[in-house]
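Numbering (the working numbering), first residue to last: -2 to 116. Below is one structure; the comments refer to it alone.
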């Protein structure tokens, strides 16, 4: 699993480092060797950059999937699950506070009425 993550990471880094400058150099070399014409230059550069962007997105998606599967296998909760638990805890705290307040008020009321009956 670790090796696969490394390979995916390095592939992604390689894709990301393909800058417009590098693509232009590659296309210019193709033109020098007669494998492309000057009129095709702009189109070729755009095609290479588009493919690099597509590969970058594909790598990002694969990495996300691998991380998500690994997280699930390890039993690590997602952000949404943690947030849902926080909300449940807050709701329970409010319920507990309301019960404690009601119990305190009932006890105070009971003491008052007991004090009146003793007089």
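Each residue gets a CB set at the ideal place from its N, CA and C atoms; glycine is no exception.
For residue 24, count neighbouring Cβ atoms within 10 angstroms of its own Cβ and tell me buried if that reaches 16, exposed if not.
Here residue 24 refers to the residue found at position 27 when the chain shown is read from its first residue. That one is buried.
Taking DSSP as the reference, what is the three-state secondary structure of residue -2?
In the chain shown, residue -2 corresponds to position 1, counting from 1. In this prediction, residue -2 has a pLDDT of 42, which is less than 50 and means its spatial position is unreliable; what the coordinates show is noted afterwards. The answer is coil: DSSP assigns residue -2 none of H, G, I, E or B.
Between the beta-carbon of residue 41 and the beta-carbon of residue 33, is there less than 8 Å?
Mapped onto the chain shown, residue 41 falls at position 44. Mapped onto the chain shown, residue 33 falls at position 36. Yes, the Cβ-Cβ distance between residue 41 and residue 33 is below 8 Å.
For residue 86, is the classification buried or exposed, using 16 other Cβ atoms within 10 angstroms of its Cβ as the cut-off for buried?
Locating residue 86 in the chain shown gives position 89, where the first residue counts as 1. The residue is exposed, with fewer than 16 neighbouring Cβ atoms inside 10 Å.
What are the boundary residues of the alpha helix (DSSP H) that residue 42 is part of?
For the purposes of this step, residue 42 is identified with residue 45 of the chain shown, where counting begins at 1. Start and end: 38 to 71.
Which residue wins for smallest C-alpha separation from residue 117, given the options 17, 58 and 57?
Past the boundaries of the shown model lies residue 117; the chain is included only from -2 to 116, so the question cannot be answered.
Work out the CA separation of residue 98 and residue 92 for me, nearest whole Å.
Residue numbering aside, residue 92 sits at position 95 when the chain shown is read from its first letter. Residue numbering aside, residue 98 sits at position 101 when the chain shown is read from its first letter. Distance between the alpha carbons of residue 92 and residue 98 is about 10 Å.
Would you kindly work out how many angstroms separate the C-alpha atoms of residue 107 and residue 100, rounded to a whole number?
Here residue 107 refers to the residue found at position 110 when the chain shown is read from its first residue. Here residue 100 refers to the residue found at position 103 when the chain shown is read from its first residue. Rounded to the nearest angstrom, the two C-alpha atoms are 10 Å apart.
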